[in-house]
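Data first, discussion second: the structure below is written as structure tokens.
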Amino acid sequence: MADRDTGLLKVLGRGDVLALSFGAMIGFGWIVLTGEFIEAAGPGGAALAFVVGGVIMAFVGLTYAELVSAMPRAGGEHNYALRAIGPKGALVASWAMVLGYVSVVAFEAVAVPETLVYLFPDMAVGHLWTIAEYDVQASLVAVGIISAVIMAGINYVGIRPASVFQVIAVLFLVGVGVVMIAGSAVGGSAENMDPLFTGGVSGMFVVLVAVPFLFVGLDVIPQSASEIKIPYRLVGGLLVFSVFCATAWYVMVMLTAGSGLSPSALLESELASADAVGALWHSRMAGNLVVLGGIAGLLTSWNAFLIGGSRLLFAMGRSGMVPAWFGRLHPRYRTPSNAILFIGALSVVSPFFGDPMLVWLSNAGAFNIVIAYLAVIVCFLVLRRREPEMERPFRVPAGTPIGVIAFVLAFGLFLLYLPGMPAALSWPEEWPMVLVWWIAGLLLILRLPRVRAGADAEERLIEALNARKGTSPPP
Numbered sequence: 008m009a010d011r012d013t014g015l016l017k018v019l020g021r022g023d024v025l026a027l028s029f030g031a032m033i034g035f036g037w038i039v040l041t042g043e044f045i046e047a048a049g050p051g052g053a054a055l056a057f058v059v060g061g062v063i064m065a066f067v068g069l070t071y072a073e074l075v076s077a078m079p080r081a082g083g084e085h086n087y088a089l090r091a092i093g094p095k096g097a098l099v100a101s102w103a104m105v106l107g108y109v110s111v112v113a114f115e116a117v118a119v120p121e122t123l124v125y126l127f128p129d130m131a132v133g134h135l136w137t138i139a140e141y142d143v144q145a146s147l148v149a150v151g152i153i154s155a156v157i158m159a160g161i162n163y164v165g166i167r168p169a170s171v172f173q174v175i176a177v178l179f180l181v182g183v184g185v186v187m188i189a190g191s192a193v194g195g196s197a198e199n200m201d202p203l204f205t206g207g208v209s210g211m212f213v214v215l216v217a218v219p220f221l222f223v224g225l226d227v228i229p230q231s232a233s234e235i236k237i238p239y240r241l242v243g244g245l246l247v248f249s250v251f252c253a254t255a256w257y258v259m260v261m262l263t264a265g266s267g268l269s270p271s272a273l274l275e276s277e278l279a280s281a282d283a284v285g286a287l288w289h290s291r292m293a294g295n296l297v298v299l300g301g302i303a304g305l306l307t308s309w310n311a312f313l314i315g316g317s318r319l320l321f322a323m324g325r326s327g328m329v330p331a332w333f334g335r336l337h338p339r340y341r342t343p344s345n346a347i348l349f350i351g352a353l354s355v356v357s358p359f360f361g362d363p364m365l366v367w368l369s370n371a372g373a374f375n376i377v378i379a380y381l382a383v384i385v386c387f388l389v390l391r392r393r394e395p396e397m398e399r400p401f402r403v404p405a406g407t408p409i410g411v412i413a414f415v416l417a418f419g420l421f422l423l424y425l426p427g428m429p430a431a432l433s434w435p436e437e438w439p440m441v442l443v444w445w446i447a448g449l450l451l452i453l454r455l456p457r458v459r460a461g462a463d464a465e466e467r468l469i470e471a472l473n474a475r476k477g478t479s480p481p482p
């Protein structure tokens with residue numbers, strides 16, 4: 008069955024929705040960043056920081072849950088902002104989130120071959136050039152390109168193959184989690200976890216600043232809302248539940264890895280979680296299994312953000328904010344094929360920049376993700392005030408106070424990325440990426456006509472754009 012507004016196929020059930028969101032939030036950071044987190048805050052401090060981060064994301068998730076149940080259309084933030092703050096505000100929210108999505112997809116295209124080196128140490132051959140003291144190898148670039156083409160191909164041919172792939176990968180990831188918990192139970196050492204807390208508040212900040220990038224994914228559900236076939240009240244509940252699942256996962260990783268190796272040993276490891284599990288089970292094979300779980304996490308987030316990013320670009324193309332080319336559906340597969348090809352092409356380029364690109368992309372993307380979160384929370388508060396009678400199948404109790412708390416918490420995360428703060432973006436790597444992106448965004452904003460916010464804002468925007476071109480709106 009196709010959605011009558013977008014033409015996208017409604018095929019996603021409960022398991023698909025949960026796998027999509029949870030898989031998006033469980034990427035690769037839990038494999039490579041665990042050592043840094045535990046060194047900075049201790050196993051207990053890192054786990055507590057993720058609890059705090061999970062609470063922040065839960066508040067943000069509640070605002071998303073209400074909005075997606077009220078406006079279940081592909082594009083998520085794009086639709087909420089059109090109704091609440093108008094087309095220019097919608098472009099700001101959407102443009103920020105597009106960079107977040109693209110940064111994650113490009114991140115995965117670099118991270119997959121980097122991870123395989125752990126399993127096949129001799130595969131890195133064919134030196135191309137050096138970037139930021141990192142040698143880019145032709146073999147790793149080739150693996151990244153091939154992976155990008157395969158992932159784009161899966162999404163190109165339909166949402167159903169993409170969702171089946173997501174469910175299988177998430178189930179494997181859950182199995183790896185069981186191995187980690189069992190290993191900690193039989194081979195974990197309390198001595199490795201001593202001290203449980205280090206670094207104080209500043210140590211926890213090291214973990215908290217990574218939260219937007221590690222938890223981004225809860226917003227993928229709203230992007231694919233036109234393809235969900237379950238009651239929308241349940242969609243909102245699943246969105247919030249997926250945040251708690253992701254929080255539990257990250258807490259589990261910090262505690263199990265912390266019990267396997269000392270903080271100094273974890274910090275020295277390139278793939279800390281894998282080496283910790285190998286130590287817990289006294290088996291290299293167990294560590295390799297965790298690496299495969301990390302690859303599964305990479306692929307689930309890659310797949311989810313291809314889905315989310317392409318639907319957001321599709322919605323922007325349909326409303327005239329970006330070229331209409333992005334808003335076209337494939338006549339056979341009913342997927343936003345052009346948007347998928349565009350994001351896929353960007354992911355093909357990123358492996359040529361090698362490992363340094365991982366950090367640059369994650370930081371620049373996380374900063375913009377927080378901007379999008381703030382815009383969505385503003386939309387939530389505006390619509391609560393302006394349209395109190397709007398039908399909301401999932402209605403957040405004490406909505407306005409919850410929205411205010413969510414805004415304050417998200418704004419606190421935003422401040423951490425500014426100059427002089429713990430997670431300040433770097434120059435000349437990260438800030439230029441952000442500035443170039445927003446210069447392009449500003450050009451798109453300036454070309455939009457003045458159209459007031461409202462339930463029919465998209466229709467009026469399309470009419471104004473068509474009038475400016477001297478064309479008639481499509482039938």
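For any residue, its number in the working numbering is found by taking its place in the sequence shown, counting from 1, and adding 7. Cβ atoms here follow ideal geometry from the backbone N, Cα and C, with glycine treated the same way. All of these numbers come straight from a predicted model, not from anything done at the bench.
Check your understanding: Which runs of the alpha helix (DSSP H), 4 residues or longer, sit entirely within the stretch 207-286?
Key -> 207-215, 218-222, 227-230, 239-267 and 270-275
Check your understanding: Taking just the CA atoms, how far does V156 sit from G351?
Key -> 7 Å
Exercise for review: Along the beta strand (DSSP E) that carries P143, what are the first and last residues, could you check?
Suggested key: First, the residue type needs correcting, since residue 143 is Val and not Pro in the sequence shown. Element bounds for V143: Y141 to Q144.
Exercise for review: Measure the alpha-carbon distance for S276 versus S170 and round it to whole angstroms.
Suggested key: 33 Å
**Study point:** Own chain partners of V218 with C-beta closer than 6 Å, once the 5 adjacent residues on each side are dropped
**Key:** G60
Check your understanding: So, do the stretch 194-206 and the stretch 285-296 have three or more beta carbon pairs nearer to each other than 8 Å?
Key -> Touching, yes.
Practice item. Going by DSSP, name the residue or residues bridged to L2. Key: This structure leaves residue 2 out entirely; the chain is present only between 8 and 482.
Point to revise | Own chain residues within Cβ distance below 7 Å of A331, not counting five before or after | key: G324
Check your understanding: Which residues in the same chain have their Cβ closer than 6 Å to the Cβ of G206, if we skip the five residues on either side of it in sequence?
Key -> A47 and A48
Review point. If you draw a straight line from the alpha carbon of M397 to that of A77, how long is it in whole angstroms?
Key: 7 Å
Review point. DSSP on G477, reduced to helix/strand/coil?
Key: coil
Point to revise | Whole-angstrom distance between H134 and P435, CA atom to CA atom | key: 25 Å
Exercise for review: Taking all protein chains shown into account, decide if M64 is buried (16 or more other Cβ within 10 angstroms of its Cβ) or exposed.
Suggested key: buried
Practice item. Enumerate in chain order the residues of its own chain whose CB-to-CB distance from G107 is below 7 Å, with the five nearest sequence positions on each side excluded. Key: V223, G372, N375, I376 and A379
Review point. For the candidate residues Y239, P229, K236 and S209, whose alpha-carbon lies nearest to that of A56?
Key: S209
Review point. Would a C-beta distance cut-off of 9 Å place Y521 and L268 closer than the cut-off?
Key: Nothing can be reported for residue 521: it is not among the residues displayed for the chain, which extend from 8 to 482.
Review point. Between E465 and the rest of its own chain, which residues show a CB-CB distance below 7 Å, the 5 nearest in sequence each way excluded?
Key: For E465, where only same-chain residues beyond five positions count, the Cβ hits under 7 Å are L89 and S326.
Review point. If we ignore side chains and look at the alpha-carbon of each, how far apart do A272 and A118 end up?
Key: 22 Å
Exercise for review: Please report how far the alpha carbon of G449 lies from the alpha carbon of A471, in whole angstroms.
Suggested key: According to the sequence displayed, residue 449 carries Leu and not Gly. Whole-angstrom Cα-Cα distance: 19 Å.
Review point. With contact counted as at least three CB pairs below 8 Å, one residue from each stretch, are the stretch 22-30 and the stretch 176-183 in contact?
Key: yes
Check your understanding: If you drop the 5 nearest sequence neighbours on each side, which residues of the same chain put their C-beta closer than 8 Å to that of V411?
Key -> L388
Review point. For the alpha helix (DSSP H) that W444 lies in, which residues bound it at each end?
Key: From DSSP, the alpha helix (DSSP H) with W444 extends over E437 to L453.
Review point. What do you reckon, is the C-beta of F44 under 8 Å from a heavy atom of the ligand MG?
Key: The model on display carries no ligand, and the ligand MG is accordingly not part of it.
Review point. Among residues of its own chain, excluding the 5 on either side of L320, which ones have a beta-carbon nearer than 6 Å to its beta-carbon?
Key: F333 and A346
**Study point:** Under the three-state DSSP convention, the category W102 falls into
**Key:** helix
Check your understanding: In this structure, does DSSP put P482 in helix, strand or coil?
Key -> Confidence is the limiting factor: at P482 the pLDDT is only 44, short of 50, which leaves the residue's position unreliable, though a coordinate-based value still follows. Looking at P482 - three-state DSSP - the assignment turns out to be coil, as it is neither helix nor strand.
Review point. Around the C-beta of M200, are 16 or more other C-beta atoms found within 10 angstroms, so that it is buried, or is it exposed?
Key: M200 is buried by the Cβ-count criterion.
Check your understanding: Between the stretch 306-320 and the stretch 451-464, are three or more C-beta pairs nearer than 8 Å?
Key -> Output reads no: the stretch 451-464 does not touch the stretch 306-320.
Review point. Taking only runs of the alpha helix (DSSP H) that begin and end inside the stretch 124-193, which ones reach a length of at least 4 residues, in chain order?
Key: 145-163
Check your understanding: Should R399 go down as buried or exposed, given a rule of 16 or more other Cβ atoms within 10 Å for buried?
Key -> buried
Exercise for review: Using the Cα positions of L19 and M130, report the straight-line distance between them to the nearest angstrom.
Suggested key: 38 Å
**Study point:** Three-state secondary structure assigned by DSSP to W367
**Key:** helix
Review point. With burial defined as no fewer than 16 other Cβ atoms inside 10 Å of the residue's Cβ, what is the status of M292: buried or exposed?
Key: exposed
Practice item. Report, in whole angstroms, the separation of the C-beta atoms of F127 and G301, which I expect to be a contact under 8 Å. Key: Taking the Cβ atoms as the reference, F127 lies roughly 14 Å from G301, outside the contact range of under 8 Å.
Point to revise | V383 to A149 span [Cα, whole Å] | key: 38 Å
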